[in-house]
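Novice:
Number of protein chains: 4
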Amino acid sequence: MLVKRLDKRLCEPLAVEDFVVQSMPDASPTRWHLAHTTWFFETFVLARREENYRPANADFQFLFNSYYNSLGEPFPRARRGLLTRPTVAEVFEYRHAVDQRMARLLNSLRDDDSQETARVVELGINHEQQHQELMLTDLKHAYSCNPLWPTYRQLSPGVDTTPARTSGWSSFGGGVVEIGHAGRTFAFDNERPRHKTFLQPFEIQNRLVTAGEFLNFVNDGGYRHPGLWLSLGWSIVRDQQWTAPLYWVERDGNWHEFTLGGLRALNADEPVCHVSYFEADAFARWSGARLPTEAEWEHASTGLDVQGSFAESGRYHPASVNGDGAGLAQMYGEVWQWTASPYTPYPGYVLPSGALGEYNAKFMCNQYVLRGGSCATPAGHVRATYRNFFPPEARWQFTGIRLARDPQT
Amino acid sequence: MLVKRLDKRLCEPLAVEDFVVQSMPDASPTRWHLAHTTWFFETFVLARREENYRPANADFQFLFNSYYNSLGEPFPRARRGLLTRPTVAEVFEYRHAVDQRMARLLNSLRDDDSQETARVVELGINHEQQHQELMLTDLKHAYSCNPLWPTYRQLSPGVDTTPARTSGWSSFGGGVVEIGHAGRTFAFDNERPRHKTFLQPFEIQNRLVTAGEFLNFVNDGGYRHPGLWLSLGWSIVRDQQWTAPLYWVERDGNWHEFTLGGLRALNADEPVCHVSYFEADAFARWSGARLPTEAEWEHASTGLDVQGSFAESGRYHPASVNGDGAGLAQMYGEVWQWTASPYTPYPGYVLPSGALGEYNAKFMCNQYVLRGGSCATPAGHVRATYRNFFPPEARWQFTGIRLARDPQT
Amino acid sequence: MLVKRLDKRLCEPLAVEDFVVQSMPDASPTRWHLAHTTWFFETFVLARREENYRPANADFQFLFNSYYNSLGEPFPRARRGLLTRPTVAEVFEYRHAVDQRMARLLNSLRDDDSQETARVVELGINHEQQHQELMLTDLKHAYSCNPLWPTYRQLSPGVDTTPARTSGWSSFGGGVVEIGHAGRTFAFDNERPRHKTFLQPFEIQNRLVTAGEFLNFVNDGGYRHPGLWLSLGWSIVRDQQWTAPLYWVERDGNWHEFTLGGLRALNADEPVCHVSYFEADAFARWSGARLPTEAEWEHASTGLDVQGSFAESGRYHPASVNGDGAGLAQMYGEVWQWTASPYTPYPGYVLPSGALGEYNAKFMCNQYVLRGGSCATPAGHVRATYRNFFPPEARWQFTGIRLARDPQT
Amino acid sequence: MLVKRLDKRLCEPLAVEDFVVQSMPDASPTRWHLAHTTWFFETFVLARREENYRPANADFQFLFNSYYNSLGEPFPRARRGLLTRPTVAEVFEYRHAVDQRMARLLNSLRDDDSQETARVVELGINHEQQHQELMLTDLKHAYSCNPLWPTYRQLSPGVDTTPARTSGWSSFGGGVVEIGHAGRTFAFDNERPRHKTFLQPFEIQNRLVTAGEFLNFVNDGGYRHPGLWLSLGWSIVRDQQWTAPLYWVERDGNWHEFTLGGLRALNADEPVCHVSYFEADAFARWSGARLPTEAEWEHASTGLDVQGSFAESGRYHPASVNGDGAGLAQMYGEVWQWTASPYTPYPGYVLPSGALGEYNAKFMCNQYVLRGGSCATPAGHVRATYRNFFPPEARWQFTGIRLARDPQT
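Protein chains in written order, with our numbering: chain B, 33 to 441; chain L, 33 to 441; chain A, 33 to 441; chain U, 33 to 441.
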């Protein structure tokens, strides 16, 4: 399967040591991601299809459960990096064993009984894609804790020399619109149901905010003026002594940026990256603009192709865009775009039954919706209705900014 | 002024010691509330009207600033209870001095120059009303930390013996509706502008959830089933070992409730009180219902009189309702009703200029909107568009539950 | 009783508010000290003498137990400042009631049965003296948290203008010596038994280290050189950002000191005060000296009169000493002197039976012995064998430094 | 060198993953130990002998400095497990490179200039032995965090079936005795100088306390009676919910013990292991005895051979002892024996000059002395005067109990 091929490619540059480390509770070791996505197939497909299913390893059912409380108490998230066993090799064996059983199962599926199974397999593939992205972002965070600044691999094509195009705005008239996913193609439960909502007229910026624009905010004292920040954000700025986006490093008066290709000079034309919701919101306020709501973003993206830099590009860093600035660019790929919308259930949302009901809905609190995918997202994984979500303080994902504003009268 | 009369009444039963204590960072000493509301008038009215204004006490400008960073670094919130000086008597002198200067100012106001001042005075009065409610809830929390269970005053009329009426539902058809405040009467900036929004058809319960109904949830293991809870809520249930609403006390197998009138047997007919958003949400899920959005709540309340138990009633505890159950009851007073809506700016929201811009907007993150007022809210303070807000884990306010649901087909 | 007279004098300048506040877990509200010392007499004297003793207030047995686990779970230490009730007036009533019963009891004591009671009464008086000292130090800490710098009372005689005398050293030859208390006069259990120990020859400084000398250490970068510090001390210096003794305040390049008489310019001739063991130890290392052991201190103090500034002096701040510098000065009063000796039981130590066994011995871990008493210690409370003890990071007591060294060859 | 041979043997059973993990701030990854001991030779020998020394890797000077502040700010201890690079293979290359340069240096040493170098080399070897012990104890702790209970290697000879001999006591008369190291053979600075001290008569138990004896304490409610514990110890018992020694696991009513050979049934005859000072002290109090002082221990050990189970035995677990019970057994090897002595400098202690002065002295605070070595200590590393030290709450070392008492009259 394609999803397995990407797993393999992502793991190629890694030493055994890289699979083991957990650099913070929010991140997980690569090995854990590999085992957990396999556990997902084993638990939700194999074990449900076969009576008296004998798990590949009974302990793994506990070790590699992420947060499905209805399947039993999971191994504590913050302690995933304490496990030296199973070894990386044993995890790959586990993956191989489950993959083979999955292959046998998929070959044997008949019409009638297969629909539900196919649905969960599709969910499992999308789940694995999500963890592929996390493997990259979690590894980047782990590397960033090492003063040797390890290099994951040479970025392709390396430094982007495209000058960012002039910023412009696209206007939308608002009214009753529809957002959300409908139809039989795959989407997560949180994208459904498609439903009506009302939009005031709005404008949305034609490209992502660049590192150079954000540097102006930094140089203007953006991190020192409490009036630009949400109250919770200002507390974090002070407690954590934030002075720039995560992975920006100042040396001898020049800004650098840690990437999966190592430390390099900040490129002002590329989209700003690794900012929290708080920083995105403060930057927007400083700019005299605001962040788009998720409904605005989705409405604006109607009819656009899903194109941009994704994980397969080997770029692992957002690319700049040039051209004349007409029309919306960079709506997909590059960086996840923070929206102003707290992550809540859509009207008429139906909780999936069973343990899979824990997949999305229980996280609908104190998180914000992000849209569009990033350079670490597997191609084909996102769509216009896709809702990613992170707490407003999260910075280790490839997260950036697109501005919106009320119509200028 | 009426607002002063209520301050006086609220302080009557207090010993000097009661004015001083801060029982948690979220709560403030009574004395601090009294000084801060005075500081508000001094800072935003007196100091702006008079050139070369000489403050009553220069240190107070620092000590009693709550969170207006643009006026300088405030004294740390969590340390308000460490101050032994100014004494309570000195704070009352300070109030008296500022009140007199305010009276002189108000008498001298002329037509042209007075509009802006009148607007801020009105804000100051509403601000003081908010702190009157906090004085009651903060004091209740402080008393609850004392194993002697101090009594604030005899509740009036004491135990409510009205049996709660049968629950029923009111239906609404949805469509494009308007919510938010318009016109020249007072409202906070966060209630504006009045704007269109789209509602799906919904039903809302005719009365508040009772303590007896919530007790069924407790007895059914509600606090022990992770599947009923938001993920963050479940973490808190476990970390803080929640097993019932705040102030519920089990003794020899019987539930009691700590009130401002002391500890007494739980009254199953009264509205449940002192629950967090997490508990409200879990209860709703357990009930096969959900919480209303703030737009649903506001739309449903159109045309209803603002009546119920408020602070002036001397009840200091929510009252039960009886009757035939037709029509919406208990929409105002009794307990604040958690909505499913995160606290966000309305479309077209305009930030007030200057330091007063810090009043509301900077808290629009990780909080939920509550509607309707409580038995600790001064009468006349709330209205249909009024938006209160607290973090989802907050329990020390008089917060309760009203259910909503999608139409039953 | 004298002890009551001092209580009264210490409380004279206080407002009700001052009795209530707890500024950190290590400190207690004045009101708590007053109630706890009364509780001590009630619990260990009255309740043991009278069959079917009815306590003045059953709740107080729980509220005012400090740490006697064998009498039941005490009210949590860190929450003593959350209690608004009993009020200060009620605590004084409680004291009065117990004092009267104590007076009746003492009058009725007969020869045979009185010895054990007299012993515990004597312990209770000494216990109350310890809390009198804590009332002063805890209040000083609470006041120091208030940017208004409240004044407890005018210090007597105000600023000490005596220039400190030249430092000199007294030599002792060592050998087998005896330390510890013997005989029938009162001493705490931790001072017993008198026992032999072996001392190498040593020298001890003739006076306390002055603020001026300590300022030289500060100015020489003493707080910035890790090599001068114990490892734990260096961690605290960095975490807490220590740059000078507690209560030293730098303003416009000049050092001031917060005292119970308010903020005033640092007096270089007075003994340095409010330093931790870590600071005392680092200063000694910087000086090319060391701290004395408690055995050295006690041996050196043999035959000296117990004289110096104590609580009754009204000075509440250590005084300087002048003269020719011959002989040991300032061995008592002024400031407690950190010794190099961890607080351990003496050889042959016998644990008192019952709850009073918890008085001292259970604290013999991770604390250091201090000797000599301070300007906040009631006169007559200390003696040559007296062992005070605090954790090495404690600074809110009146603690200072006397140096020792090995013989200079 | 022998020390290298043991390193090799200790690493044999390890997977790459085992070298990487840090299970708590007090423990370090195996890879870190290996790199740090090499860094020690490079820093304190090679770099000092060669002018313009070019380090094997300049970054390593920072990464593998443990706590020598005078050599620059060390990499934070608690983050050692976040490093994925250098890889284990690179660390072994580093070791190889430094070993070769050390071999060249040692071969070229001449008489006159070699004494100081030989002294530091000897220190480096002893330093490496200390880390060999830590490699075992840190690895055991990491394994214990894994619910799979990994096995390091089969213990030799497996379960000890020797019944523990009857307990007896040896008596000593006390008086002025000498302890501490003298002469030219190697000892750490903290063992010097040899000096006189005074001992009261005492008795010391002839063997270590067994797991069976400690189980009696557990079964008698030892962990539930505050009166048996030091105050700090009792806080930890409650906060950390201690109910037995570290690594004891109760399953279906039977006690097991996690060892480097996996989980196995508790053997009542073997010495109890992995207890803190607090548990040792509480057990002693429960037994009506006490812990020996380090002077008592050292005096009692005079003339005994250094024999017992050490790391080379492959046992990795303490062995029981049998026989008639006359005379002191198990004074060396098996488990480190907590003494009642806080870790302080000996009278006349001289701090080594330069960075090596940070080796021992700065830790002389809030730690207790342990004596005798353990089954994880390299043979030949300990001696009668050897002073190990750990904080009183430490349990992950092989630490046990020997009792002492005052003469029974």
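For every residue, glycine included, the Cβ atom is placed at its ideal position computed from N, Cα and C.
Helix, strand or coil: how does DSSP classify Arg322 (chain U) here?
Specialist: strand
Novice: Looking at the secondary structure, which residues open and close the alpha helix (DSSP H) in which Ser140 (chain U) lies?
Specialist: 120-140 is the extent of the alpha helix (DSSP H) around Ser140 (chain U).
Novice: Buried or exposed, going by whether 16 or more other CB atoms sit within 10 Å of the CB of Glu44 (chain U)?
Specialist: exposed
Novice: Which residues bound the beta strand (DSSP E) around Gln369 (chain B)?
Specialist: From DSSP, the beta strand (DSSP E) with Gln369 (chain B) extends over 368-374.
Novice: In chain B, which residues lie with their C-beta within 7 Å of the C-beta of Val208 (chain L)?
Specialist: Going along chain B in sequence order, the residues near Val208 (chain L) (Cβ under 7 Å) are Val208, Phe230.
Novice: Assuming the contact rule is C-beta atoms closer than 8 Å, Gly293 (chain A) and Leu187 (chain A) should be a hit. Round their C-beta distance to whole Å, please.
Specialist: Contact flag correct, Cβ pair sits at about 4 Å.
Novice: Could you tell me the boundaries of the alpha helix (DSSP H) in which Leu95 (chain L) lies?
Specialist: Under the DSSP assignment, Leu95 (chain L) falls in the alpha helix (DSSP H) whose first and last residues are 90-95.
Novice: Could you give the first and the last residue of the continuous alpha helix (DSSP H) run that contains Glu10 (chain B)?
Specialist: A query on residue 10 (chain B) cannot be resolved here, the shown segment of chain B reaching from 33 to 441 and no further.
Novice: Using 8 Å as the threshold, is the region 199-208 of chain L in touch with the region 259-266 of chain L, meaning 3 or more CB pairs across them?
Specialist: no
Novice: Tell me whether Tyr400 (chain A) sits in a helix, a strand or coil according to DSSP, three-state version.
Specialist: strand
Novice: Within 10 angstroms of the Cβ of Leu171 (chain L), are there 16 or more other Cβ atoms? Answer buried if so, exposed if not.
Specialist: buried
Novice: Going by C-alpha to C-alpha distance, which of U:Phe107, U:Ala88, U:Leu103 sits closest to Phe96 (chain U)?
Specialist: The shortest CA-to-CA distance from Phe96 (chain U) to any of U:Phe107, U:Ala88, U:Leu103 is the one to U:Phe107.
Novice: Assign Arg419 (chain A) to buried or exposed, taking buried as 16 or more other Cβ atoms, counted over all protein chains shown, within 10 Å of its Cβ.
Specialist: Classification for Arg419 (chain A): buried.
Novice: From Trp329 (chain B) to Asp337 (chain B), what distance separates their C-alpha atoms?
Specialist: 14 Å
Novice: For the region 165-234 of chain U, which segments carrying the beta strand (DSSP E) assignment without a break, of at least 3 residues, lie completely within its bounds, in sequence order?
Specialist: 201-204, 207-211, 227-231
Novice: Check the Cβ of Pro374 (chain L) against every Cβ in chain B and list those closer than 7 Å, keeping chain order.
Specialist: Pro374, Thr376
Novice: Under 9 Å between C-beta atoms, does Asn178 (chain L) make it to chain A?
Specialist: yes
Novice: Residues of chain A with CB closer than 7 Å to the CB of Leu115 (chain L), please, in chain order.
Specialist: Asn178
Novice: Is the CB of Phe395 (chain A) under 9 Å away from at least one CB in chain U?
Specialist: Residue contact check for Phe395 (chain A) against chain U: a CB pair falls below 9 Å.
Novice: Using a C-beta to C-beta distance shorter than 8 Å, which residues of chain C count as neighbours of His227 (chain B)?
Specialist: Annotation note: the requested chain C is absent from the structure, which comprises protein chains B, L, A and U.
Novice: Compare the C-alpha of Leu402 (chain U) against each of U:Trp280, U:Pro379, U:Gly432 and name the closest.
Specialist: U:Gly432
Novice: Kindly indicate which three-state DSSP category Gln272 (chain B) falls into: helix, strand or coil?
Specialist: The three-state secondary structure of Gln272 (chain B), taken from DSSP, is coil.
Novice: Give me the Cβ distance between Asn238 (chain L) and Ser199 (chain L), rounded to the nearest whole Å; I'm assuming they're in contact under 8 Å.
Specialist: 6 Å
Novice: Distance cutoff 9 Å, beta carbons only. Does Trp370 (chain U) sit that close to anything in chain A?
Specialist: no
Novice: Find the nearest neighbour of Glu105 (chain A) within the set L:Pro179, L:Asp221, L:Arg437, L:Trp261, judged by alpha-carbon distance.
Specialist: L:Pro179
Novice: How close, in whole Å, do the beta carbons of Ala314 (chain U) and Arg322 (chain U) come, if the pair is a contact with beta carbons under 8 Å?
Specialist: So it is not a contact: roughly 11 Å between Cβ atoms.
Novice: Strictly by DSSP, which residues pair up with Gly104 (chain L)?
Specialist: Bridge partners of Gly104 (chain L): none, in fact.
Novice: What residue range is occupied by the uninterrupted beta strand (DSSP E) comprising His413 (chain B)?
Specialist: Careful: His413 (chain B) lies outside any beta strand (DSSP E) and carries neither H nor E.
Novice: On the premise that Ala351 (chain U) lies in contact with Glu366 (chain U), defined as a C-beta separation below 8 Å, what is that separation, rounded to the nearest angstrom?
Specialist: The pair is a contact, with the Cβ atoms about 6 Å apart (cut-off 8 Å).
Novice: Where does the unbroken beta strand (DSSP E) through Arg283 (chain B) begin, and where does it stop?
Specialist: 280-283
Novice: Is there a Cβ of chain B sitting closer than 9 Å to that of Val52 (chain U), yes or no?
Specialist: yes
Novice: Near Gln54 (chain B), which residues of its chain fall below 7 Å by C-beta distance, leaving aside the five closest residues on each side in sequence?
Specialist: Ser60, Pro61, Arg112, Gly113
Novice: Using a Cβ-Cβ cut-off of 6 Å (strictly less than) and excluding sequence neighbours within five positions of Pro87 (chain B), which residues of its own chain qualify?
Specialist: Gln93
Novice: Of all Cβ atoms in chain L, is any one closer than 9 Å to the Cβ of Tyr255 (chain B)?
Specialist: Tyr255 (chain B) does not count as touching chain L.
Novice: In the region 90-111 of chain B, which residues sit with their C-beta less than 8 Å from some C-beta in chain U, listed in chain order?
Specialist: Asp91, Phe94, Leu95, Phe107, Arg111
Novice: Does the count of Cβ pairs from the region 408-415 of chain L and the region 276-288 of chain B closer than 8 Å reach three?
Specialist: No: the two stretches stay apart, fewer than three of their Cβ pairs being nearer than 8 Å.
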